[in-house]
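Engineer: Okay, here's the structure, questions in a sec.
In the working numbering, the protein residues as written are 32 to 304.
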């Protein structure tokens, strides 16, 4: 669904505005969202503006997932935390008899407030949440740290499971737990000098015998290695393309600079801000 959005900013608040082309009457969804504070959902205000309806969300002091992971890598722990929070939000929506398909799972409309996630519930949303969630997992794949085995394994499982026709969040969580147990068992079978504790598995890069042992669990096969290498290659190509255009961008920026004294057209390079 194509959304018409804009940001409204002042010194105290930043509001995300979604415009709907028709006047909407208050329905059950709006009544529930207005009279109950659902933890995990953005606060919503709805009002008419001419012949349109505006859905306004307070995103003050928040950052979207798109922006947060623009220059960061996503860890396996962060993926699991997100999945748990997503399950909690789904339970809340179910308790209040709201439609989960109205959740916007585009990373541009999922926000971090400190270490808490905030989701955007758009009453006029039309996307299928199962399809949207799988597409979100594509973003997780893009953000994955491919030098960290734990992150790669988690991203692979999430992507693989959401391709199944009848997947469920609870089922995926159970498989993640099983994966962690399998990794722990694999580590127990290694010689003492090659063992790592759970924190090291999450934070360190592992290669050689340890990498093979960690990959050889019930939920993985040879496709895991192939998939990891393909994704790593694609991400490296994208990074190289960005790097290729960077010198040209700086050259063009310099050429656009105003001469000394032309203050009205003063331009500064992004790198200098």
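We put the CB at the ideal spot given by N, CA and C, even for glycine. If you're wondering where the values come from, they're calculated on a predicted model, not measured in any experiment.
(1) At what residues does the beta strand (DSSP E) containing residue 148 begin and finish?
(2) Buried or exposed for residue 202, please, with buried defined as at least 16 other CB atoms from any protein chain shown within 10 angstroms of its CB.
(3) Is residue 49 helix, strand or coil by DSSP?
(4) Could you have a look at residue 107 and say whether DSSP puts it in helix, strand or coil?
(5) Does DSSP put residue 193 in a helix, in a strand, or in coil?
(6) In the DSSP assignment, what are the bridge partners of residue 76?
(7) Applying the criterion that 16 or more other CB atoms from any shown protein chain within 10 Å of the CB defines a buried residue, is residue 108 buried or exposed?
(8) Taking residue 143 and residue 88 to be in contact with their CB atoms under 8 Å, please state how far apart those CB atoms are, rounded to whole angstroms.
(9) With the cut-off set at 8 Å, would you say residue 189 and residue 205 are in Cβ contact?
(10) Residue 73 to residue 64, Cα distance in whole Å?
(11) Looking at the unbroken alpha helix (DSSP H) that takes in residue 144, where does it start and where does it end?
(12) Let's see if you can read the secondary structure: which residues bound the alpha helix (DSSP H) around residue 173?
(13) In chain order, what residues of the same chain lie with their CB nearer than 6 Å to the CB of residue 55, ignoring the 5 residues before and after it?
(14) Closest by CA to residue 97, which one among 127, 86, 172, 156?
(15) For residue 35, write down the residues that DSSP places opposite it in a beta bridge.
(16) Quick check on DSSP: helix, strand or coil for residue 180?
(17) Could you pull out every residue in the same chain whose Cβ sits closer than 6 Å to the Cβ of residue 209, ignoring the five residues on either side in sequence?
(18) Would you check if the region 146–164 and the region 118–137 touch, i.e. whether three or more CB-CB distances between them fall below 8 Å?
(19) Are residue 93 and residue 149 closer than 8 Å when you measure CB to CB?
(20) Would you identify the three-state DSSP class for residue 134, choosing helix, strand or coil?
(21) Looking at residue 159: is its Cβ nearer than 8 Å to the Cβ of residue 105?
(22) Considering only the alpha carbon of each residue, which of 200, 211, 50 lies closest to residue 116?
(23) Out of curiosity, what's the CA-to-CA distance linking residue 137 and residue 113?
(24) Could you name the residues of the same chain whose beta carbon sits closer than 8 Å to that of residue 127, not counting the 5 residues immediately before and after it, in chain order?
(25) Which stretch, first to last residue, makes up the alpha helix (DSSP H) that contains residue 63?
Structural biologist: Taking the structure as given:
(1) As a position in the chain shown, residue 148 is number 117, starting the count at 1. It spans 147–152 - the beta strand (DSSP E) in which residue 148 sits, taken as one unbroken run.
(2) One-based indexing of the chain shown puts residue 202 at position 171. Label assigned to residue 202: exposed.
(3) As a first step, residue 49 must be located in the chain shown, where it is residue number 18. If DSSP states are grouped into helix, strand and coil, residue 49 belongs with the strands.
(4) As a position in the chain shown, residue 107 is number 76, starting the count at 1. DSSP places residue 107 in helix when its eight states are reduced to three.
(5) For the purposes of this step, residue 193 is identified with residue 162 of the chain shown, where counting begins at 1. Coil.
(6) In the chain shown, counting from the first residue as 1, residue 76 sits at position 45. The partner list for residue 76 (beta bridge, DSSP) reads 87.
(7) Taking the first residue of the chain shown as 1, we reach residue 108 at position 77. Classification for residue 108: exposed.
(8) Position 112 of the chain shown, counted from the start, is the residue given in the question as residue 143. Position 57 of the chain shown, counted from the start, is the residue given in the question as residue 88. So it is not a contact: roughly 14 Å between Cβ atoms.
(9) Mapped onto the chain shown, residue 189 falls at position 158. Mapped onto the chain shown, residue 205 falls at position 174. No.
(10) Mapped onto the chain shown, residue 73 falls at position 42. Mapped onto the chain shown, residue 64 falls at position 33. C-alpha separation (whole angstroms): 10 Å.
(11) Stepping through the chain shown from its first residue, residue 144 is reached at position 113. It is not in any alpha helix (DSSP H) - residue 144 instead sits in the beta strand (DSSP E) that spans 141–144.
(12) For the purposes of this step, residue 173 is taken as residue 142 along the chain shown, with counting starting at 1. Residues 160–174.
(13) Working through the chain shown from its first residue, we reach residue 55 at position 24. Cβ within range, chain order: 84.
(14) Residue mapping note: residue 97 aligns to position 66 of the chain shown, counting from 1. The shortest C-alpha separation from residue 97 is found at 172.
(15) By 1-based counting over the chain shown, the position of residue 35 is 4. Answer by DSSP bridge pairing, in chain order: 50.
(16) Here residue 180 corresponds to residue number 149 of the chain shown, with the count starting at 1. The answer is helix: DSSP assigns residue 180 an H, G or I state.
(17) What you label residue 209 is simply residue 178 of the chain shown in a count that begins at 1. Excluding residues within five positions, none has a Cβ falling inside 6 Å.
(18) yes
(19) Along the chain shown, one-based indexing puts residue 93 at 62. Along the chain shown, one-based indexing puts residue 149 at 118. Yes, the pair counts as a contact, with Cβ atoms nearer than the cut-off.
(20) Stepping through the chain shown from its first residue, residue 134 is reached at position 103. In the structure shown, residue 134 sits in a strand (DSSP, three-state: E or B).
(21) Looking up residue 159 in the chain shown gives position 128. Looking up residue 105 in the chain shown gives position 74. Their beta carbons are not under 8 Å apart, which means residue 159 does not touch residue 105 by this criterion.
(22) Numbered from 1 along the chain shown, position 85 holds the residue referred to as residue 116. Checked all of 200, 211, 50; the closest Cα to residue 116 is 200.
(23) If you number the chain shown from 1, residue 137 lands on position 106. If you number the chain shown from 1, residue 113 lands on position 82. Distance between the alpha carbons of residue 137 and residue 113 is about 14 Å.
(24) To locate residue 127, count along the chain shown from 1; it is residue 96. Counting only Cβ-Cβ distances below 8 Å, and skipping sequence neighbours, we find 63, 67, 69.
(25) Looking up residue 63 in the chain shown gives position 32. 59–66 is the extent of the alpha helix (DSSP H) around residue 63.
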